[in-house]
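Asker: In the working numbering, the protein residues as written are 48 to 381.
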């Protein structure tokens with residue numbers, strides 16, 4: 048099935064859902080994705096083009112090697128995804144709205160055809176994302192808008208690498224490719240935390256393997272995220288206990304503010320060790336904690352699986368799939 052026909056099929060499914068907001072949302076999603084696909088440039092062609100600037104050429108060669116490594120060593124899908132790139136004039140391809148009630152660490156979910164329910168609502172237009180975030184905030188939700196550098200269509204399309212990614216450090220480019228291909232390898236409907244933690248673990252484990260063979264830079268950014276998650280565990284636990292209590296909302300609101308202020312103080316004491324998180328911590332709320340946990344909270348589970356498999360990738364993917372098909376166990380871990 049060609050890409051245009053697939054888009055029409057997805058649009059037809061979305062039209063069955065009805066509702067003006069739904070139709071507008073799916074319209075922007077289909078239009079944004081089509082524009083991305085329409086702008087694709089073959090990486091192989093660009094590498095062989097003598098007019099390609101040297102700096103871009105170097106990054107494209109890295110992408111090509113990482114893409115081959117992903118399939119040959121990490122046993123990720125071997126297809127046309129990330130064999131093309133899409134030039135863009137912005138730093139994100141989509142803008143994801145994450146929301147949670149004022150007194151809950153359970154995320155607001157949105158459900159879609161084919162992929163099930165997820166803990167975010169993505170927009171190609173940042174203004175649309177801000178409008179939705181404002182609506183949810185007015186309803187009393189804690190909200191954050193996260194910038195997505197790329198996304199996976201789970202194998203439906205040949206996903207291109209967004210152009211701005213090519214300005215990143217090497218390890219971040221390679222890790223992103225591994226992460227997004229992992230979504231094509233294994234995806235469990237209705238479980239964002241499982242899917243993102245699995246993909247994050249594949250990126251980390253894959254980068255360790257890539258480092259050994261290519262000697263790329265250390266993964267300081269990834270390790271920093273994990274340390275922030277660990278630092279905020281007492282905050283998460285304190286909020287969970289507070290939200291489960293029978294205290295009146297006014298008292299919950301006061302104590303929530305105290306807990307979040309304490310978390311900001313805790314970060315300030317470690318800011319020299321964990322630079323770059325100042326603005327994120329300043330806006331700390333339920334939605335930010337959820338977003339961080341979705342991508343980071345389950346990584347250790349998958350690292351343990353990889354160790355149990357003695358670093359055998361086929362075993363690791365099989366065991367991860369088995370875990371994904373076991374909802375009772377999965378829900379105790381993620």
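Note that beta-carbon positions come from the ideal geometry of N, C-alpha and C, so glycine has one too.
DSSP state of residue 156, grouped into three classes?
Answerer: Residue 156 falls in the coil class under three-state DSSP.
Asker: Between the C-alpha atoms of residue 295 and residue 289, what's the straight-line distance to the nearest angstrom?
Answerer: Each residue's Cα considered, the two are about 11 Å apart.
Asker: Have a look at residue 345 and residue 210 and give me their C-alpha separation to the nearest angstrom.
Answerer: When rounded, the distance between both Cα atoms is 30 Å.
Asker: Taking only three categories from DSSP, how would you classify residue 77?
Answerer: In this structure, residue 77 counts as helix in the three-state DSSP scheme.
Asker: Of the residues 170, 237, 151, which one's Cα is nearest the Cα of residue 283?
Answerer: Considering only alpha carbons, the answer is 151.
Asker: Closest by CA to residue 365, which one among 248, 302, 242, 233?
Answerer: Among 248, 302, 242, 233, the Cα nearest to that of residue 365 is on 233.
Asker: CB-CB under 8 Å to residue 276, same chain, minus the five flanking residues each way: which ones, in chain order?
Answerer: Cβ within range, chain order: 339, 340, 343, 344.
Asker: Apart from the five residues on each side of it in sequence, which residues of its chain come closer than 7 Å, Cβ to Cβ, to residue 173?
Answerer: Cβ within range, chain order: 142.
Asker: What are the uninterrupted segments assigned as alpha helix (DSSP H) that are 4 or more residues long and contained completely in the segment 261–337, given in chain order?
Answerer: Listed in chain order, they are 267–278, 280–290, 296–317, 325–329.
Asker: Return the Cβ separation of residue 257 and residue 116 in integer angstroms, given the expectation that the two are a contact with Cβ distance under 8 Å.
Answerer: That belief holds up - the Cβ atoms of residue 257 and residue 116 are roughly 6 Å apart, short of 8 Å.
Asker: Are residue 224 and residue 114 close, meaning C-beta to C-beta below 8 Å?
Answerer: Yes, these two residues count as a Cβ contact at 8 Å.
Asker: Examine the Cβ distances between the segment 156–163 and the segment 347–364 and report whether three or more of them are shorter than 8 Å.
Answerer: These segments do not touch.
Asker: With residue 145 and residue 337 assumed to form a contact (beta carbons below 8 Å), what rounded beta-carbon distance in angstroms separates them?
Answerer: At roughly 6 Å, the Cβ-Cβ gap stays under 8 Å, so residue 145 and residue 337 are in contact.
Asker: Tell whether a beta-carbon distance below 8 Å holds between residue 318 and residue 325.
Answerer: Contact flag set, yes.
Asker: Quick one: using the 10 Å Cβ neighbour count with 16 as the cut-off for buried, is residue 373 buried or exposed?
Answerer: Answer is exposed; the Cβ neighbour count stays below 16.
Asker: Is the beta carbon of residue 15 sitting closer than 8 Å to the one on residue 311?
Answerer: Because the chain in this structure spans residues 48 to 381, residue 15 falls outside the shown range and cannot be described.
Asker: Rounded to whole angstroms, what is the Cα-Cα separation between residue 235 and residue 98?
Answerer: Distance between the alpha carbons of residue 235 and residue 98 is about 43 Å.
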